[in-house]
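J.:
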Amino acid sequence: MFPQNNPRALLGNRVFPITISTPFAVGDVYSYLIKDEKIVLVDCGQQTDTAYAQIKDGLKKQGLEIKDIDEIWLTHGHPDHFGQAALLAETSGAVVKGHAKERSNFAGNNDPDLFEDFFSQHDIPPERIDEMLNQLDWLQQYQEAIEPEWITEKDELSSGRLTFHIKHAPGHAPGHVVFYERSSLIFGGDVLLEHISTNALINFDPDTGTRNKSLLQYRQSLQWMKNLDGLVLPGHGKQIEHIMQVAENHLAAQQERYHQIIDMLQQQPYALYELCKLLFPDALQRGEHFLVLSEVLGYLDWGIEEEVIKKEKGRKDLIFLVE
Ligand SMILES: [Zn+2]
Ligand SMILES: [Zn+2]
């Protein structure tokens, strides 16, 4: 009835976006209701009364109630995407699914020790470290820990008539997954967003505790995603049809920034936080330390991987220079 290769025909017929307002800078997040043989939510918003009411309303418009939800598929463990999954599952008995590399995000612990360790290796002012740890702590109120049923790329998820492949697409989060049907609907989470140029956050592998080279992972995820053909239903912002173009734009902007940083390090060595201050003074002024550190660190990882940038122990900090 709804051809798999016509994603537009599915929207509003079998798949319904539910807009959820968030208390975060990113703005609204989408939860997607799949009304099929099973009732499925792809992501579900953070835990707030408003978000709960918005899910309830979204379901009601399709003649459904919270208790009707059979499954919740999670793209990743950031509070705006998974925060109220535990609450919804408690009410509905829904089975929740997610990737095991998101284990520590889903457990809501946000690895404060790993972050603190990492921050303290760099010469970041202590009051900034406190701010960042407080920000992590502040997020707790918007999420309830959950242990989903683990899924891998070998699995497929089906709502009945619709069946999705699973792609592990790390970078933004260590266990981020994309649910996709080639030439059709793609639930992209936060991997491909039209209005945000980069979002590879500092994160750690939950199995080893080592910091992931998240920008490099993210670039690989974008390289994979750009060849998909279909309609991306993202976590935030506009639906994306011209996938190749949006992904190429992000990859090119990263390339440009990478070369800018190499040029700076060719002039003189810098420590991580010095580079942050030179490159993103306004964002730091706005208190976006974690985003800025994530961004700059990503490019340093990239240069080290390509053996263009070298890391050395300085007097107070690790310094980075071009070999
Ligand atoms: Zn996210
Ligand atoms: Zn998001």
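Read in order, the letters of the sequence shown are residues 54 to 376 in my numbering.
C-beta: ideal position from N, C-alpha, C; glycine also.
#1: Using DSSP with H/G/I as helix, E/B as strand and the rest coil, what is F333?
#2: Please classify G356: is it buried, with 16 or more other beta-carbons within 10 angstroms of its beta-carbon, or exposed?
#3: Would you tell me roughly how many angstroms separate the C-alpha atoms of T72 and K120, rounded to the nearest one?
#4: Just the C-alpha distance for E376 and Q313, rounded to the nearest angstrom, thanks.
#5: Could you tell me whether any non-hydrogen atom of ligand 1 is closer than 7 Å to the CB of D243?
#6: Counting pairs of Cβ atoms below 8 Å between the segment 99-114 and the segment 299-315, do you hit three or more?
#7: Taking 6 Å as the limit between beta carbons, can you name the residues of its chain near D370, skipping five residues before and five after?
#8: If we ignore side chains and look at the alpha-carbon of each, how far apart do K279 and S237 end up?
#9: Need the endpoints of the beta strand (DSSP E) that I372 sits in, please.
#10: Hey, would you say the C-beta of D110 is under 7 Å away from at least one heavy atom of ligand 2?
#11: Short of 7 Å in beta carbon distance, which residues of its chain neighbour P334, apart from the five on each side in sequence? Order them along the chain.
#12: If you follow the beta strand (DSSP E) that G151 is in, where does it begin and where does it stop?
#13: Please check the pair A253 and G224, which I expect to be a contact at CB under 8 Å, by giving their CB distance rounded to whole angstroms.
#14: Could you tell me which residues DSSP pairs with K379 in its beta bridges?
#15: Taking only the alpha-carbon atoms, compute the straight-line gap between V361 and K88 and give it to the nearest angstrom.
T.: According to the data block:
#1: coil
#2: buried
#3: 20 Å
#4: 16 Å
#5: yes
#6: no
#7: H175, D176, A324
#8: 14 Å
#9: 371-375
#10: no
#11: none
#12: 148-152
#13: 5 Å
#14: The chain is shown only over 54 to 376; residue 379 falls outside these bounds and no answer can be derived.
#15: 51 Å
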